[in-house]
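Reading through the structure tokens given below for one structure.
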Amino acid sequence: MNKTVKNADEAIKDIFDNATLMLGGFGLCGIPENCITALVKKGVKGLTCISNNAGVDDFGIGLMLKTRQVKKMISSYVGENAEFERQLLSGELEVELIPQGTLATRCLAAGYGMPAVFTPAGVGTEVAIGKESRKFLVEGVEKEFLMEMAFDADFAIVKAWKGDPHGNLIFRETARNFNPMMAMAGKITIAEVEELVPAGTLEPDQIHTPGIYVHRIFQGANYEKRIEQRTVRKK
Amino acid sequence: MNKTVKNADEAIKDIFDNATLMLGGFGLCGIPENCITALVKKGVKGLTCISNNAGVDDFGIGLMLKTRQVKKMISSYVGENAEFERQLLSGELEVELIPQGTLATRCLAAGYGMPAVFTPAGVGTEVAIGKESRKFLVEGVEKEFLMEMAFDADFAIVKAWKGDPHGNLIFRETARNFNPMMAMAGKITIAEVEELVPAGTLEPDQIHTPGIYVHRIFQGANYEKRIEQRTVRKK
Amino acid sequence: MLDKIGIAKRIAKEIKDGYYVNLGIGIPTLVANYIPQGMNVVLQSENGLLGMGPFPFEGEEDPDLINAGKQTITTVPGSAFFDSAMSFGMIRSRKVDLTILGAMEVADNGDIANWKIPGKMVKGMGGAMDLVASAKNIIVAMQHVNKAGESKLLPKCELPLTGVNCVKKIVTELAVLDVTPQGFKLLERAPGVSVEEIKKATLGRLIVEGEIPEMVID
Amino acid sequence: MLDKIGIAKRIAKEIKDGYYVNLGIGIPTLVANYIPQGMNVVLQSENGLLGMGPFPFEGEEDPDLINAGKQTITTVPGSAFFDSAMSFGMIRSRKVDLTILGAMEVADNGDIANWKIPGKMVKGMGGAMDLVASAKNIIVAMQHVNKAGESKLLPKCELPLTGVNCVKKIVTELAVLDVTPQGFKLLERAPGVSVEEIKKATLGRLIVEGEIPEMVID
Numbered sequence: 000m001n002k003t004v005k006n007a008d009e010a011i012k013d014i015f016d017n018a019t020l021m022l023g024g025f026g027l028c029g030i031p032e033n034c035i036t037a038l039v040k041k042g043v044k045g046l047t048c049i050s051n052n053a054g055v056d057d058f059g060i061g062l063m064l065k066t067r068q069v070k071k072m073i074s075s076y077v078g079e080n081a082e083f084e085r086q087l088l089s090g091e092l093e094v095e096l097i098p099q100g101t102l103a104t105r106c107l108a109a110g111y112g113m114p115a116v117f118t119p120a121g122v123g124t125e126v127a128i129g130k131e132s133r134k135f136l137v138e139g140v141e142k143e144f145l146m147e148m149a150f151d152a153d154f155a156i157v158k159a160w161k162g163d164p165h166g167n168l169i170f171r172e173t174a175r176n177f178n179p180m181m182a183m184a185g186k187i188t189i190a191e192v193e194e195l196v197p198a199g200t201l202e203p204d205q206i207h208t209p210g211i212y213v214h215r216i217f218q219g220a221n222y223e224k225r226i227e228q229r230t231v232r233k234k
Numbered sequence: 000m001n002k003t004v005k006n007a008d009e010a011i012k013d014i015f016d017n018a019t020l021m022l023g024g025f026g027l028c029g030i031p032e033n034c035i036t037a038l039v040k041k042g043v044k045g046l047t048c049i050s051n052n053a054g055v056d057d058f059g060i061g062l063m064l065k066t067r068q069v070k071k072m073i074s075s076y077v078g079e080n081a082e083f084e085r086q087l088l089s090g091e092l093e094v095e096l097i098p099q100g101t102l103a104t105r106c107l108a109a110g111y112g113m114p115a116v117f118t119p120a121g122v123g124t125e126v127a128i129g130k131e132s133r134k135f136l137v138e139g140v141e142k143e144f145l146m147e148m149a150f151d152a153d154f155a156i157v158k159a160w161k162g163d164p165h166g167n168l169i170f171r172e173t174a175r176n177f178n179p180m181m182a183m184a185g186k187i188t189i190a191e192v193e194e195l196v197p198a199g200t201l202e203p204d205q206i207h208t209p210g211i212y213v214h215r216i217f218q219g220a221n222y223e224k225r226i227e228q229r230t231v232r233k234k
Numbered sequence: 000m001l002d003k004i005g006i007a008k009r010i011a012k013e014i015k016d017g018y019y020v021n022l023g024i025g026i027p028t029l030v031a032n033y034i035p036q037g038m039n040v041v042l043q044s045e046n047g048l049l050g051m052g053p054f055p056f057e058g059e060e061d062p063d064l065i066n067a068g069k070q071t072i073t074t075v076p077g078s079a080f081f082d083s084a085m086s087f088g089m090i091r092s093r094k095v096d097l098t099i100l101g102a103m104e105v106a107d108n109g110d111i112a113n114w115k116i117p118g119k120m121v122k123g124m125g126g127a128m129d130l131v132a133s134a135k136n137i138i139v140a141m142q143h144v145n146k147a148g149e150s151k152l153l154p155k156c157e158l159p160l161t162g163v164n165c166v167k168k169i170v171t172e173l174a175v176l177d178v179t180p181q182g183f184k185l186l187e188r189a190p191g192v193s194v195e196e197i198k199k200a201t202l203g204r205l206i207v208e209g210e211i212p213e214m215v216i217d
Numbered sequence: 000m001l002d003k004i005g006i007a008k009r010i011a012k013e014i015k016d017g018y019y020v021n022l023g024i025g026i027p028t029l030v031a032n033y034i035p036q037g038m039n040v041v042l043q044s045e046n047g048l049l050g051m052g053p054f055p056f057e058g059e060e061d062p063d064l065i066n067a068g069k070q071t072i073t074t075v076p077g078s079a080f081f082d083s084a085m086s087f088g089m090i091r092s093r094k095v096d097l098t099i100l101g102a103m104e105v106a107d108n109g110d111i112a113n114w115k116i117p118g119k120m121v122k123g124m125g126g127a128m129d130l131v132a133s134a135k136n137i138i139v140a141m142q143h144v145n146k147a148g149e150s151k152l153l154p155k156c157e158l159p160l161t162g163v164n165c166v167k168k169i170v171t172e173l174a175v176l177d178v179t180p181q182g183f184k185l186l187e188r189a190p191g192v193s194v195e196e197i198k199k200a201t202l203g204r205l206i207v208e209g210e211i212p213e214m215v216i217d
């Protein structure tokens with residue numbers, strides 16, 4: 000299989016107005032930088048973005064917010080973004096906040112063909128409003144769970160460390176985060192990688208996302224990999 | 000963390016009569032050979048075994064069947080075992096046959112703290128009898144799913160290729176199969192490995208089962224790794 | 000009339016470039032040998048492998064590397080291993096383009112029975128129920144009639160079901176048929192087999208429209 | 000009265016050998032610095048790491064290696080990376096022994112509010128709702144009173160909830176308290192703080208039985 004495309008522009012060329020996108024990454028770590036740049040350039044509008052965070056003002060999904068391409072964010076944490084706050088308070092932007100584990104598991108459910116999953120996260124809180132709940136025995140005690148539905152995204156856009164033309168992906172350190180689940184969950188999955196290697200180069204035991212889940216792959220360029228909270232100690 | 004125990008005897012010493020065990024492996028591939036030998040030696044009885052297969056007459060779980068230590072098998076496929084057949088037909092052995100993907104997913108559910116999962120496997124068949132079913136929209140069409148419950152096993156016994164004292168595990172090729180899910184699903188998880196290496200030796204990106212799921216680990220000995228269906232072609 | 004090899008060859012023609020395919024045990028396994036050279040096809044083995052290759056050369060068998068039929072195999076470049084939850088996850092989420100498997104009986108509504116014969120020792124369904132419940136395209140390789148000459152393409156399965164309304168196409172020693180809402184639709188005859196013979200061998204609703212061509216197999 | 004470091008030091012004494020611990024943002028992060036040397040404790044970071052180490056030395060920051068607070072970190076030998084589904088999977092299946100997090104309010108039935116203030120910009124709950132819904136042992140690090148001197152240990156939370164009936168223990172600048180079916184049970188006083196002061200600062204049901212010892216912190 001050769002799923003290689005030339006670059007981000009080609010990879011995202013059929014993303015349409017009002018599409019639902021999943022975007023990998025946690026904070027600014029492991030985000031698909033090249034595809035975000037290409038989406039801004041393309042100017043596609045009315046997007047629903049499923050992403051744990053919304054970037055910062057001048058990086059990550061923040062760039063798409065600035066150009067008002069995002070209609071709705073589905074995220075677990077959206078701090079550190081003044082433009083986001085402005086759009087939200089003015090009513091230009093819709094936001095659905097959901098627990099981080101629920102976000103991850105709703106992606107997993109889509110990738111694993113499970114229409115719904117049960118999680119206790121949010122029971123008794125406003126997250127539970129309007130949701131079906133159900134009690135199960137856990138270690139002999141009745142415990143309440145919410146039924147959460149699998150996501151249904153038109154495109155998933157992920158960033159990996161290494162990949163091959165089959166779409167097999169390997170992630171690095173905590174840049175893995177949501178990327179593998181989103182890769183499994185997209186109707187069309189686009190992967191940008193730091194290094195695209197020939198088929199047969201990646202160790203089959205070490206592949207995190209098998210290529211069957213990936214539809215397009217390309218080697219990205221000029222990764223900035225911005226650090227959000229640089230914390231160090233002295234030698 | 001140092002979860003190392005001396006050998007299989009020590010690892011399984013508290014497995015009690017009438018316990019529910021998960022045993023990793025597919026066919027004879029990736030089975031916990033050392034622990035099975037130790038269980039036969041210990042003579043613990045009345046076991047419920049969750050395992051995709053039941054071994055062959057003189058290897059794998061077949062050894063525990065011969066000594067009549069197994070009360071019930073929960074499996075997806077139990078062919079190739081004459082003693083099994085005899086005990087089943089005579090009523091000595093109880094068998095619950097469930098689809099292979101349902102078996103895997105009920106383990107995953109336990110390991111991921113999901114009390115139940117939905118799968119279409121078995122809808123309209125005898126597997127569905129007595130189970131709650133529910134319709135969900137899949138790609139715009141109503142589709143029926145069965146609600147299957149997470150397993151609840153006292154012990155999970157798995158076999159990995161490499162491991163470290165923290166219990167981090169790496170599997171090899173198709174010997175991975177059910178082992179990672181069962182490792183996550185046991186109340187107590189016992190891992191036998193071909194090679195136990197010092198902490199820090201395994202590449203953190205390549206670990207299939209993080210040590211948090213594993214309670215005891217030891218380096219096994221004398222692996223036979225029997226091949227069930229030797230198929231070759233001529234050079 | 001086709002032999003097993005013939006059935007496998009005919010089914011191989013259904014495989015398209017870029018397909019991910021799951022092959023069941025028996026005749027379906029043979030299909031791998033007849034996928035046209037140069038076509039990009041990846042074989043999934045539900046015990047945890049994408050990119051299954053041919054059997055190993057003698058002396059190169061690896062006990063850690065088997066297929067769903069427990070046979071020793073090899074991998075091709077670009078292969079990936081994964082656990083059983085992910086394997087059936089990708090099956091359930093319809094990432095596998097085509098599933099080819101055997102059957103004891105198929106009904107004219109697409110029901111399939113292939114795992115259990117009452118009164119006989121039951122070996123289990125393995126992954127078959129998962130595969131038939133989720134696959135987007137299922138082709139069945141089977142014998143049209145049993146040894147007593149009785150049809151196995153029925154109005155209703157008599158054996159315990161493996162799955163319902165799922166089979167899309169059937170290739171037998173006699174014919175290629177689609178499963179449609181109106182029943183089995185005859186598409187092709189095996190070499191030397193007449194439409195009349197197929198009608199006689201098919202107990203389920205059979206649709207025969209126009210001229211039925213003879214299969215072309217290399 | 001304790002400062003933030005004092006609260007972190009006191010909480011560190013609750014950690015036992017062999018524990019897997021998840022530390023929230025703020026004071027909980029500081030706890031890592033006071034885990035006794037030689038104790039085997041593994042820190043989980045819910046963005047996908049077991050075996051979190053200290054901050055990197057200057058110049059050794061790795062943008063691919065951050066904690067749940069998005070801070071650059073390091074790993075210790077024996078660490079493992081995993082995806083977010085597995086991370087919250089291990090949290091939900093109660094493999095994490097202890098979760099330490101901050102709170103705006105805690106009720107005397109163990110309810111916690113720590114993610115949203117009506118009228119203020121909401122940043123989101125992140126992983127907090129998952130953690131409090133599943134953790135087998137939750138210790139909250141918080142201020143006993145707000146800047147206006149009002150109690151944050153209440154009969155009922157006024158802010159939107161993060162989770163219900165989940166907090167097991169609270170360490171504040173004034174006291175250590177268990178959450179029991181009968182309400183907050185005072186266990187220890189901060190150095191120089193009287194039982195009367197704690198009573199005044201606690202609006203929820205407070206149980207004071209016998210002599211209340213002063214905390215011992217190194």
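Quick mapping for you: the protein sequence lines, in order, are chains E, S, P and W.
Numbering-wise (numbering that gives the first Met the number 0), the first sequence opens with residue 0 and increments by one.
Numbering-wise (numbering that gives the first Met the number 0), the second sequence opens with residue 0 and increments by one.
Numbering-wise (numbering that gives the first Met the number 0), the third sequence opens with residue 0 and increments by one.
Numbering-wise (numbering that gives the first Met the number 0), the fourth sequence opens with residue 0 and increments by one.
All C-beta atoms in this analysis are idealised placements derived from N, C-alpha and C, irrespective of residue type, glycine included.
Looking at the DSSP output, Ser74/E sits in a beta bridge with Leu96/E. Looking at Lys71/E, Asp16/E, Gly24/E and Gly185/E, the one whose alpha-carbon comes closest to that of Leu38/E is Asp16/E.
Annotated as proximal: Ala103/S and Ala84/P, with beta-carbon spacing under 8 Å. Taking one beta carbon from each stretch, the stretch 130 to 138 of chain S and the stretch 152 to 168 of chain S have fewer than 3 pairs nearer than 8 Å; the two do not touch. Contact between the stretch 157 to 166 of chain W and the stretch 129 to 140 of chain W is established, with three or more Cβ pairs separated by less than 8 Å.
For Asn176/S, the chain P residues whose Cβ falls inside 7 Å of its Cβ are Asn46, Gly47, Asp82 and Ser83, in order along the chain. In the three-state reduction of the DSSP assignment, Met214/P falls in the coil class. Contact of Ile211/E with chain P is assigned, a C-beta pair being separated by under 8 Å.
At a Cβ-Cβ threshold of 8 Å, Leu185/P and Ser150/P do not count as neighbours. With a minimum length of 3 residues, the unbroken runs of beta strand (DSSP E) contained wholly in the stretch 66 to 92 of chain P fall at 73 to 80.
Contact between Thr124/E and Val157/E is ruled out by a C-beta separation of about 30 Å, above the 8 Å threshold. With a cutoff of 8 Å on beta-carbon distance, Ile211/P and Arg188/P are scored as near each other. Neighbours of Lys234/S in chain P, taken as residues whose beta carbon is under 8 Å from its own, are Phe56 and Glu57 in chain order. In the pairwise beta carbon analysis, the stretch 57 to 77 of chain P is classified as not touching the stretch 148 to 155 of chain E: fewer than three pairs are separated by under 8 Å.
Contacts with chain E (Cβ-Cβ distance below 7 Å) from the stretch 136 to 168 of chain S involve Val137 and Phe144, listed in chain order. Between the stretch 91 to 103 of chain P and the stretch 200 to 219 of chain S there are fewer than three inter-stretch CB-CB distances shorter than 8 Å, so the stretches are not counted as touching.
Rounded to whole angstroms, the separation of the alpha carbons of Asp13/S and Ile34/W is 32 Å.
Below the 7 Å Cβ cutoff, chain W contributes no neighbours of Gly100/S, its closest Cβ being approximately 17 Å away. Contact annotation for Pro114/E against chain S: Phe117, Phe135, Val137 and Phe144 [CB-CB distance below 7 Å, chain order]. For Arg229/E, not one C-beta of chain S is nearer than 8 Å to its own C-beta. Sequence-distant partners of Phe81/W (beyond 5 residues in either direction) whose C-beta falls short of 6 Å from its own C-beta, in its chain, are Gly47. Only Asp204 and Gln205 from the stretch 191 to 216 of chain E bring a Cβ to less than 7 Å from some Cβ of chain S. The Cβ of Glu32/S sits no closer than 8 Å to any Cβ of chain P. In summary, Leu88/E is exposed, with fewer than 16 beta-carbon neighbours lying within 10 Å of its beta-carbon over all protein chains present.
Interface annotation, Thr74/W: in contact with chain S, CB-CB separation under 8 Å.
Gln36/P counts as exposed, since fewer than 16 other beta carbons sit within 10 angstroms of its beta carbon.
By the Cβ test, the stretch 10 to 28 of chain P is not in contact with the stretch 210 to 226 of chain S, since fewer than three Cβ pairs between them sit closer than 8 Å.
In the structure shown, Ile14/P falls within a coil segment according to DSSP collapsed to helix, strand and coil.
By the C-beta density criterion, Pro197/E is exposed, having fewer than 16 other C-beta atoms within 10 angstroms. Each residue's CA atom was taken as its position, placing Val144/W and Asn6/S some 54 Å apart. Non-local beta-carbon contacts of Val40/W in its own chain, meaning distances under 7 Å to residues more than five positions away in sequence, involve Ile14, Tyr18, Val20 and Ile34 in chain order. For the 8 Å CB-CB criterion, Met89/P and Tyr76/E do not form a contact. Per DSSP, reduced to three states, the secondary structure at Arg67/S is coil, with no helix or strand assignment. Two segments are said to touch when three or more pairs of C-beta atoms, one from each, lie closer than 8 Å; by this definition the stretch 43 to 58 of chain E touches the stretch 70 to 85 of chain E.
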